[in-house]
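Trainee: Once you've had a glance at the structure underneath, I'll fire off some questions.
2 protein chains.
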Amino acid sequence: MKASPAGRLFTEIVLEVFKLSGQLTAEGDKLTQDVQMSSARWKVLGALGRAGNPMTVSDVAHSMGQSRQGVQRLANEMVELGFIALADNPQHKKAKLLLLTDKGVDVLQQLEQKQLPWAEACAQGIDAEALQITLDTLRKLERKL
Amino acid sequence: MKASPAGRLFTEIVLEVFKLSGQLTAEGDKLTQDVQMSSARWKVLGALGRAGNPMTVSDVAHSMGQSRQGVQRLANEMVELGFIALADNPQHKKAKLLLLTDKGVDVLQQLEQKQLPWAEACAQGIDAEALQITLDTLRKLERKL
DNA sequence: CAAATATTGACAACTTGTTGTCATACTCTA
DNA sequence: TAGAGTATGACAACAAGTTGTCAATATTTG
Chain Y
1 MKASPAGRLF TEIVLEVFKL SGQLTAEGDK LTQDVQMSSA RWKVLGALGR AGNPMTVSDV
61 AHSMGQSRQG VQRLANEMVE LGFIALADNP QHKKAKLLLL TDKGVDVLQQ LEQKQLPWAE
121 ACAQGIDAEA LQITLDTLRK LERKL
Chain L
1001 MKASPAGRLF TEIVLEVFKL SGQLTAEGDK LTQDVQMSSA RWKVLGALGR AGNPMTVSDV
1061 AHSMGQSRQG VQRLANEMVE LGFIALADNP QHKKAKLLLL TDKGVDVLQQ LEQKQLPWAE
1121 ACAQGIDAEA LQITLDTLRK LERKL
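Encoded structure:
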């Protein structure tokens, strides 16, 4: 059996996704190192910020496509550091709700201000339509997994 | 400062790349678990296979966009398991060349046969042109990092 | 209501991957 | 050729992330 052109392209995309993921994590670590953060913490804090409302650890993990326990560890650290507060969950006595503290909101805004010009610079010179197609295609692929 | 459309798209793509990377690693682990392999090992073995000629650990790490030491550890494991052999490097006494053993070639072929129909299924229903644009765009982004 | 099932947080072991240090091996330049 | 600088492998500490287990809490079902 030989690979179709689409199959070959898919494989190339997979390899590129792995490579990009590593490089983006490294960039994120640089961007966050001086505010007690990291790429991993930022992703969790960002998920909370983007949701706009308190979420359980499970919810956050699901939205990130990651395991519950990994997110739990990061969340615990950030509660300790004061970026996240725990609120009682009327639905579940053990599963507390995570919400951003003022400090959490603040650091998130700082990071977004740093990230913005960087994102603009990366997107610079790339056709907006190509970016849109890329995003759509990646989402389609993700749904097939 | 507000995000341009391209900047916003870029940020969405970044999040999608993180999510996809995790899911693809999980898929790869499923595909490889019964042949003493893993996603991480497969990536190294695959890089060697794709290159077609012996490479040093540094070369492989660079081609994968990963650190030298991470690849070193995986390579050492696979030498131990007999998937990779070490050959003297006329250019450098310490930096041995990695090459696939027969067992390594064999397992790589097995995995490629498993991966092929899966890649075809994932690519199914997605426009080949969109896949090409996605690949090109990801590569452009990678070069900007 | 009671029992089976699912969800959750804590804990622990493990894999993956990065960074840093050290000693050795190589390369380049003065 | 001597010395500075760079590349490499071994080793170790750490961060990130997965899986599994256990006990406590919810939920569903008979």
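Sequence lines, in order, name chains Y and L. Under our numbering, the first residue of the first sequence is numbered 1, with each subsequent residue one higher. Under our numbering, the first residue of the second sequence is numbered 1001, with each subsequent residue one higher. Ideal Cβ positions, reconstructed from N, Cα and C, are used throughout, including at glycine.
#1: Check each residue of the region 1003-1030 of chain L: if its Cβ is closer than 7 Å to any Cβ of chain Y, include it; give the result in chain order.
#2: Thinking Leu31(Y) and Lys93(Y) are a contact (beta carbons under 8 Å), I'd like their distance in whole angstroms, please.
#3: Where are the alpha helix (DSSP H) runs, 4 residues long or more, that stay fully inside the region 1061-1096 of chain L, in chain order?
#4: Can you tell me whether Ser21(Y) is buried or exposed? The criterion is at least 16 other CB atoms within 10 Å of its CB, across all chains shown.
#5: Determine which residues share a DSSP beta bridge with Met1037(L) and list them.
#6: From Glu77(Y) to Pro5(Y), what distance separates their C-alpha atoms?
#7: Return no unless some Cβ of chain L is closer than 8 Å to the Cβ of Gln132(Y).
#8: Are the Cβ atoms of Leu1131(L) and Ala1123(L) separated by less than 8 Å?
#9: Compare the C-beta of Ala1075(L) with all C-beta atoms of chain Y and state if any pair is closer than 8 Å.
#10: Return the bridge partner residues of Leu1100(L) from the DSSP annotation.
#11: Quick one: what's got a C-beta closer than 7 Å to Ala1087(L)'s C-beta in the same chain, skipping five residues either side?
#12: Below 8 Å between beta carbons: does that hold for Ala40(Y) and Ser63(Y)?
#13: Identify, in the order they occur along the chain, each residue of the same chain with its Cβ nearer than 7 Å to the Cβ of Asp29(Y), setting aside the five sequence neighbours on each side.
#14: Measuring straight from C-alpha to C-alpha, what distance separates Lys111(Y) and Ala119(Y)?
#15: Please check the pair Gln7(Y) and Gln1023(L), which I expect to be a contact at CB under 8 Å, by giving their CB distance rounded to whole angstroms.
#16: In whole angstroms, what is the alpha-carbon distance linking Ile13(Y) and Pro90(Y)?
#17: Mind checking if Lys140(Y) is an interface residue toward chain L, Cβ cutoff 8 Å exclusive?
#18: So, is the C-beta of Ala87(Y) closer than 8 Å to a C-beta in chain L?
#19: Determine the chain Y residues that contact Met1064(L) at a beta-carbon separation under 9 Å, and present them in chain order.
#20: Would Thr32(Y) pass as an interface residue toward chain L - the criterion being a Cβ-Cβ separation below 8 Å?
#21: For Val105(Y), tell me which candidate among Leu15(Y), Trp42(Y), Phe10(Y), Gly125(Y) has the shortest Cα-Cα distance.
#22: When you compare only the Cα positions, how much space is there between Ala1121(L) and Arg139(Y)?
#23: Under 9 Å Cβ-Cβ, which residues of chain Y neighbour Leu1145(L)?
#24: Less than 8 Å between the beta carbons of Arg68(Y) and Ala61(Y), yes or no?
#25: Which residue comes first and which comes last in the alpha helix (DSSP H) that contains Ala1128(L)?
#26: For chain Y, find out if any of its Cβ atoms is closer than 8 Å to the Cβ of Ile1126(L); answer yes or no.
#27: What's the gap between the Cα of Ala1026(L) and the Cα of Ala1085(L)?
#28: Flag Ala1119(L) as yes if its beta-carbon sits less than 8 Å from any beta-carbon of chain Y, otherwise no.
#29: Round the Cβ separation of Lys1019(L) and Glu16(Y) to the nearest angstrom and send it over; I've been treating them as touching at under 8 Å.
#30: Compile a chain-ordered list of the residues in the region 1042-1071 of chain L whose CB is closer than 7 Å to at least one CB of chain Y.
#31: Going by alpha carbons, who is nearest to Gly125(Y) out of Pro1117(L), Gly1125(L), Thr1137(L)?
Mentor: So, from the listed chains and residues:
#1: Ala1003, Ser1004, Pro1005, Ala1006, Gly1007, Leu1009, Phe1010, Thr1011, Glu1012, Ile1013, Val1014, Glu1016, Val1017, Phe1018, Lys1019, Leu1020, Ser1021, Gly1022, Gln1023, Leu1024, Glu1027
#2: Along the first sequence, one-based indexing puts residue 31(Y) at 31. Along the first sequence, one-based indexing puts residue 93(Y) at 93. With 8 Å as the limit, Leu31(Y) and Lys93(Y) do not qualify as a contact, their Cβ atoms being about 38 Å apart.
#3: 1068-1081
#4: Counting from 1 along the first sequence, the entry for residue 21(Y) is found at position 21. Classification for Ser21(Y): buried.
#5: Reading the second sequence from its first residue, position 37 is the one you call residue 1037(L). Answer is none; Met1037(L) lacks a bridge partner.
#6: Within the first sequence, the letter at position 77 stands for residue 77(Y). Within the first sequence, the letter at position 5 stands for residue 5(Y). Approximately 46 Å, taken between the alpha carbons.
#7: Residue numbering aside, residue 132(Y) sits at position 132 when the first sequence is read from its first letter. Yes, Gln132(Y) lies at the interface with chain L (some Cβ there is under 8 Å from its Cβ).
#8: In the second sequence, the residue the question calls residue 1131(L) occupies position 131. In the second sequence, the residue the question calls residue 1123(L) occupies position 123. Cβ distance < 8 Å, so Leu1131(L) and Ala1123(L) count as in contact.
#9: Locating residue 1075(L) in the second sequence gives position 75, counting from the first residue. By this cut-off, Ala1075(L) is not an interface position.
#10: Locating residue 1100(L) in the second sequence gives position 100, where the first residue counts as 1. Leu1100(L) pairs with Ile1084(L).
#11: The residue labelled residue 1087(L) in the question sits at position 87 within the second sequence. Answer for Ala1087(L): Pro1054, Lys1096, Leu1097, Leu1099, listed in chain order.
#12: Within the first sequence, the letter at position 40 stands for residue 40(Y). Within the first sequence, the letter at position 63 stands for residue 63(Y). No, the Cβ-Cβ distance between Ala40(Y) and Ser63(Y) is not below 8 Å.
#13: The sequence position of residue 29(Y) within the first sequence is 29, counting from 1. Contacts found: Ser38, Ser39.
#14: Position 111 of the first sequence, counted from the start, is the residue given in the question as residue 111(Y). Position 119 of the first sequence, counted from the start, is the residue given in the question as residue 119(Y). First, the amino acid is wrong: residue 111(Y) is Leu here, not Lys. Rounded to whole angstroms, Leu111(Y) to Ala119(Y) spans 12 Å at the Cα level.
#15: For the purposes of this step, residue 7(Y) is taken as the residue at position 7 of the first sequence. For the purposes of this step, residue 1023(L) is taken as the residue at position 23 of the second sequence. It should be noted that the sequence gives Gly, not Gln, for residue 7(Y). About 18 Å separates the two Cβ atoms, so there is no contact after all.
#16: Position 13 of the first sequence holds residue 13(Y). Position 90 of the first sequence holds residue 90(Y). Using only the alpha carbons, I get a separation of about 44 Å.
#17: Residue 140(Y) sits at position 140 when you count from the first residue of the first sequence. True, the Cβ-Cβ gap to chain L drops below 8 Å.
#18: Position 87 of the first sequence, counted from the start, is the residue given in the question as residue 87(Y). No, Ala87(Y) does not count as interfacial toward chain L.
#19: Counted from its first residue, the second sequence places residue 1064(L) at position 64. Here the neighbours are Leu15, Phe18, Lys19, Gly22.
#20: Along the first sequence, one-based indexing puts residue 32(Y) at 32. Closer than 8 Å: no.
#21: Walking along the first sequence from the start, residue 105(Y) turns up at place 105. Of the listed residues, the one whose Cα sits closest to Val105(Y) is Trp42(Y).
#22: Walking along the second sequence from the start, residue 1121(L) turns up at place 121. Walking along the first sequence from the start, residue 139(Y) turns up at place 139. About 15 Å.
#23: Taking the second sequence and counting its residues from 1, the one referred to as residue 1145(L) is at position 145. Within 9 Å Cβ-Cβ: Leu20, Gln23, Leu24, Ala26, Glu27, Cys122.
#24: On the first sequence, residue 68(Y) is found 68 positions in, with the first residue counted as 1. On the first sequence, residue 61(Y) is found 61 positions in, with the first residue counted as 1. Result yes, Cβ atoms of Arg68(Y) and Ala61(Y) sit closer than 8 Å.
#25: Mapped onto the second sequence, residue 1128(L) falls at position 128. 1128-1144 is the span of the alpha helix (DSSP H), which, as asked, contains Ala1128(L).
#26: The sequence position of residue 1126(L) within the second sequence is 126, counting from 1. At least one chain Y Cβ lies under 8 Å of Ile1126(L).
#27: Translated into positions along the second sequence, residue 1026(L) becomes position 26. Translated into positions along the second sequence, residue 1085(L) becomes position 85. Approximately 27 Å between the Cα atoms of the pair.
#28: Residue numbering aside, residue 1119(L) sits at position 119 when the second sequence is read from its first letter. For Ala1119(L), the answer is yes, since a Cβ of chain Y falls inside 8 Å of its Cβ.
#29: Here residue 1019(L) is taken as the residue at index 19 of the second sequence, counted from 1. Here residue 16(Y) is taken as the residue at index 16 of the first sequence, counted from 1. In fact, because the Cβ distance is near 15 Å, the residues do not count as touching under 8 Å.
#30: Lys1043, Met1064, Gly1065, Gln1066
#31: Sequence index remark: in the first sequence, residue 125(Y) carries index 125 (1-based). The shortest Cα separation from Gly125(Y) among Pro1117(L), Gly1125(L), Thr1137(L) belongs to Thr1137(L).
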